[in-house]
Amino acid sequence: MMKAVTLITSSRRHGFTKQIVDRLTIGIEDNGGSNEVLFLDDFDITYCTSCRSCEKGGGCVLPDDYNKLMDKIRNADYFIFT
């Protein structure tokens, strides 16, 4: 089963972008897949401090939702960025 994650960056939860994603989700589900729709506004992500910890393989050390979001994206077969 195909697993997709869609990240909507618009703050308009019922806007045109969401309408397009809803139609896309129907197509994915009709073909046996799933699509988890996420809104960037739901994540608390702070500014990068350029500490370079992520370059050492441990991921971001900031206490925010970045790693949580990236785990969802990494575990998906497809990532749709809107």
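Here the numbering used here is used: position 76 in the sequence shown is 102, and no number is missing along the way.
Cβ coordinates follow ideal geometry from the N, Cα and C atoms, glycine included.
- Where V87 is concerned, there is no enclosing beta strand (DSSP E), because DSSP gives it neither an H nor an E.
- Out of A102, D103, D90, F105, the CA that lies nearest to the CA of D68 is found in D90.
- Between N57 and A30, the CB-CB gap reaches or exceeds 7 Å.
- Taking C-beta atoms as the reference points, L64 and L88 fail to come closer than 7 Å.
- Put simply, of T75, D70, I106, Y104 the residue whose alpha carbon is nearest the alpha carbon of Y92 is D70.
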